[in-house]
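Working notes, structure below.
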DNA sequence: TTGCGCATCAAACATGCGTTTGATACACTT
DNA sequence: AAGTGTATCAAACGCATGTTTGATGCGCAA
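Residue numbers (this note's numbering), protein chains in the order written: chain A, 1 to 230; chain B, 1 to 230.
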């Protein structure tokens, strides 16, 4: 007559994922939304319908759970990186750069951290938090996510500048391009500083086009300047 | 024979600033270093040699103290903004842009939050935290600090593009330039992603020069493109 | 049936936080 | 001398956090 004491068993029957998986899902969403520090274990467990102790039992603590989430992010991110890198490396370098920017900016500007359904905006939200307030996992993420993209951009820019990867102008151009792309990440502070901050899909697309035009002209200019004495 | 119970009185005699002022100084340093959220009242009071209750007594809470710090930041910032805006508005627009970038980037890249001694890098560290994790004071700071600079840049860019302030291309170019400047802010995440991140004064100066060259070429390119039908 | 390991639970623990309290000493006025 | 307001103090309050504990039910092997 009384309610069953182990109701979670019945819930697990309706949604047939183990507690572990439900915790990872809930954690992914919340870590992406609020970052590691501002996300509480209790909130994750409430969202997952699990006990507070479950995180320590399954993941040996909050950081362990975060590590699991980041691991999956890195795994999923490999696909995203492939989407950023144009399939045909024989295309002209400026076209490869355009492809990168056009694919990258909408991901950066994504406002929803939906875990399901392909559009993996949550990964970039997570990385943004990691950049603003690094955790012990920051070097790992930087290695696995940022460095491959930087390498890709560096190759393109070395080609466009007619120089080699280690030319400091390459690094500076990479920074300029990455900075412009990242600047379209949702940010309350910038939004109230510049009214009319781009939000719609077409505005974001226009911004990407702007970045490509702007940067390609900038690169051509830099290419004409003093190449450092080899 | 016993130690005097009100030793702070003696300390106040050696450094003749009131507790209030010492609190503001300590708070400025810590808020700039760690941001509002990650700074604790207890740490501020310890650094100021004051009692934990002093913050509530003098400033009516942590946020009140932060408000005082931000108020002084905004006041000091007006000078900085003047330094960014070239004295002679009759100079060509590209020279005014170069002056802005050359003065701005070293401030952004400042690593020490020294409150004393002119070089007010702490203000930009504080603003960076406010941008990453906005407090209720964010709109105020945005109004007083960011908007004047955006207006200044917008005027320059409207002139360079041969258009008016409300042209969306102006806003996009402003974002591109601000993004590049801000990207040289100290950031552990980027530093471990790109080895050889610029840190020395000469590297920062070279970065500023790069941003100016890169952006002026980009602007010229954007100027040739479709001006939206007036 | 017994025993063992696994997963879960409610409850408590330890810590850190911003804030409040009530007492106390001092400077100054009346 | 008595009274008053200001500034400071140690201590505690209330809350949120990550983590730990010991008990409980369950499935399964011996």
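For glycine and all other residues, C-beta sits at the position ideal for the given N, C-alpha and C. Keep in mind the model is a prediction, meaning the values are calculated, not measured.
| query | Are the CB atoms of residue 192 of chain B and residue 108 of chain B nearer to each other than 7 Å? | reply | no
| Would DSSP call residue 175 of chain A helix, strand or coil? | helix
| task | Taking C-beta pairs closer than 9 Å, name the residues in chain A that residue 222 of chain B reaches, listed in chain order. | result | 210, 213, 214, 217
| task | Return yes when the Cβ of residue 214 of chain B is within less than 7 Å of the Cβ of residue 176 of chain A, no when it is not. | result | yes
| How would you call residue 212 of chain B, buried or exposed, if buried means at least 16 neighbouring beta carbons within 10 angstroms? | buried
| request: Measure the alpha-carbon distance for residue 51 of chain A versus residue 64 of chain A and round it to whole angstroms. | output: 16 Å
| task | Could you tell me how far apart the beta carbons of residue 126 of chain A and residue 73 of chain A are, in whole angstroms, since I believe they sit closer than 8 Å? | result | 6 Å
| query | I think residue 210 of chain B touches residue 24 of chain A, with their Cβ atoms under 8 Å apart; what is that distance to the nearest whole Å? | reply | Wrong, their Cβ atoms sit about 43 Å apart, outside the cutoff.
| said: Please identify the residue among B/35, B/197, B/26 whose C-alpha is closest to the C-alpha of residue 46 of chain B. | reply: B/26
| query | Where do the ends of the alpha helix (DSSP H) carrying residue 148 of chain B lie? | reply | 147-161
| task | Kindly give me the distance between the Cβ atoms of residue 81 of chain B and residue 128 of chain B, rounded to whole angstroms, as I take these residues to be in contact under 8 Å. | result | Wrong, their Cβ atoms sit about 17 Å apart, outside the cutoff.
| field | Beta-carbon separation (whole angstroms), residue 130 of chain A vs residue 123 of chain A, contact threshold 8 Å | value | Not a contact, Cβ separation roughly 10 Å.
| said: Quick check on the burial criterion: 16 or more other C-beta atoms within 10 angstroms. Buried or exposed for residue 167 of chain A? | reply: buried
| query | Got a sec: is the Cβ-Cβ distance from residue 20 of chain A to anything in chain B below 7 Å? | reply | no
| query | What first and last residue would you give for the alpha helix (DSSP H) that runs through residue 144 of chain A? | reply | Note, residue 144 of chain A: premise wrong, no alpha helix (DSSP H); not H, not E.
| field | Three-state secondary structure (DSSP) of residue 131 of chain B | value | helix
| Residue from A/174, A/147, A/198 with nearest C-alpha to residue 185 of chain A | A/198
| Is any beta-carbon of chain B found at less than 7 Å from that of residue 180 of chain A? | yes
| query | Under three-state DSSP, which class holds residue 197 of chain A? | reply | coil
| query | Can you give the Cα-Cα distance for residue 10 of chain A and residue 49 of chain A, rounded to whole angstroms? | reply | With a pLDDT of only 36 at residue 10 of chain A, under the threshold of 50, the placement of this residue in the model should not be trusted; the figure read from the coordinates follows. Using only the alpha carbons, I get a separation of about 12 Å.
| task | Measure the Cβ-Cβ separation of residue 208 of chain B and residue 96 of chain B and say whether it is below 7 Å. | result | no
| request: Below 7 Å CB to CB, which residues in the same chain sit around residue 164 of chain B once its five sequence neighbours on both sides are set aside? | output: 158
| request: Consult DSSP for residue 85 of chain A and reduce its assignment to one of helix, strand or coil. | output: coil
| Alpha carbon of residue 78 of chain B to alpha carbon of residue 194 of chain B, nearest angstrom | 34 Å
| field | Positions along the segment 96-108 of chain B whose CB lies within less than 9 Å of some CB in chain A | value | none
| field | Chain-ordered residues of the segment 142-154 of chain A with a beta carbon less than 7 Å from chain B | value | 142, 146, 147, 150
| said: For residue 136 of chain B, would you say it is in contact with chain A, using Cβ-to-Cβ distances shorter than 7 Å as the test? | reply: no
| Alpha carbon to alpha carbon, what distance is there between residue 161 of chain B and residue 220 of chain B? | 7 Å
| task | For my contact list, residue 156 of chain A and residue 93 of chain A are in at a C-beta cut-off of 8 Å; report their separation, rounded to the angstrom. | result | 5 Å
| query | Of the choices A/71, A/145, A/44, A/84, whose alpha-carbon is the least far from that of residue 189 of chain B? | reply | A/145
| request: Tell me whether the beta-carbon of residue 30 of chain B lies closer than 7 Å to the beta-carbon of residue 19 of chain B. | output: no
| request: Under 6 Å Cβ to Cβ from residue 70 of chain B, same chain only, skipping five residues before and after it: list those, please. | output: 137
| Along the chain, where does the alpha helix (DSSP H) that runs through residue 56 of chain B open and close? | 54-59
| task | May I ask you to report which of helix, strand or coil DSSP gives residue 224 of chain A? | result | helix
| query | Just checking my contact of residue 104 of chain A with residue 91 of chain A at CB under 8 Å: how many whole Å lie between their CB atoms? | reply | Rounded, the Cβ-Cβ distance is 17 Å, inconsistent with contact.
| Where residue 203 of chain A and residue 58 of chain A are concerned, what is the direct C-alpha to C-alpha distance, given to the nearest angstrom? | 44 Å
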